[in-house]
Amino acid sequence: MDQNAKKQAVAKAAIDYVESDSIVGVGTGSTVNFFIEELGKIKHKIEGAVSSSEASTERLKALGIEVFELNEVSNLSVYIDGADEVTEHKHMIKGGGAALTREKIVAGAATTFVCIVDESKRVPVLGSFPLPVEVIPMARSFVARELVKLGGDPEYRQGVVTDNGNVILDVHNLEILNPRELEQKINNIPGVVTNGIFALRGADIVLSATESGVETFK
Ligand SMILES: O=C(CO)[C@H](O)[C@H](O)COP(=O)(O)O
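Written out as structure tokens, the structure reads:
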């Protein structure tokens, strides 16, 4: 099964977590794009979606799915999103697609976060994937120096401006042995908007596509 087939398989499996007549929280990325396609096939069964990026919003609207602002929604039963890395503890690194801030917001607003990955994303320890950190532009150099003090090697993601008008530092060479602690430490650096460690609010369920099918971790 090639990687796209795995992404499609796990996207199909995620549809089982979508409640009828609900508003669905939708993440960002290539795996989620397969989920959006599947959601389009059942759009008559749902009220609509809340999106974590302009990119996903465009895809949802193109399929005729109503997209609500998060401020319009009081209850979000499920959030479906991918990850760049995920551990057995359901802690993740996200932000490869620069959508980490709105993803963390919508994930936080949802009752159940279902993470959909192909098996290549599963790791014993976070940090091989460079950690994305969203930063207020005027603070970029200061935050970079603070991340070096934490043992990282920050690299400015050239040419990328997030949906929120901020910039991204990708932090290499971190071995994240205590994700919750590091997530809080980086959050506390003035100028940091969001960092891509999702551990304080990790996933509730991980669906992982393998050669032999989709594994579910709860
Ligand atoms: O966090 C994200 C975007 O900010 C994505 O969910 C993550 O990068 C995984 O994307 P893909 O499914 O394309 O590998």
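Quick note on numbering: the numbering used here labels position 57 of the sequence shown as 121, and the sequence is numbered without any gaps.
We put the CB at the ideal spot given by N, CA and C, even for glycine.
Note that this is a predicted model, so its numbers are computed, not measured.
In three-state terms, what does DSSP make of residue i?
i	result
residue 226	coil
residue 232	strand
residue 275	coil
residue 112	strand
residue 172	helix
residue 200	coil
residue 152	coil
residue 260	coil
residue 280	strand
residue 182	strand
Ligand 1 and residue i: does the residue's C-beta get closer than 7 Å to at least one heavy atom of that ligand?
i	result
residue 161	yes
residue 229	no
residue 198	no
residue 192	no
residue 76	no
residue 66	no
residue 164	yes
residue 203	no
residue 151	no
residue 96	yes
State the Cα-Cα distance for the pair residue i and residue j, rounded to the nearest angstrom.
i	j	result
residue 157	residue 149	5 Å
residue 103	residue 209	43 Å
residue 267	residue 154	5 Å
residue 106	residue 239	41 Å
residue 185	residue 137	31 Å
residue 127	residue 108	11 Å
residue 94	residue 72	10 Å
residue 276	residue 172	32 Å
residue 245	residue 205	23 Å
Between residue i and residue j, is the Cβ-Cβ spacing less than 8 Å?
i	j	result
residue 165	residue 88	no
residue 199	residue 255	yes
residue 260	residue 196	yes
residue 273	residue 74	yes
residue 234	residue 194	yes
residue 82	residue 181	no
residue 214	residue 249	yes
residue 131	residue 174	no
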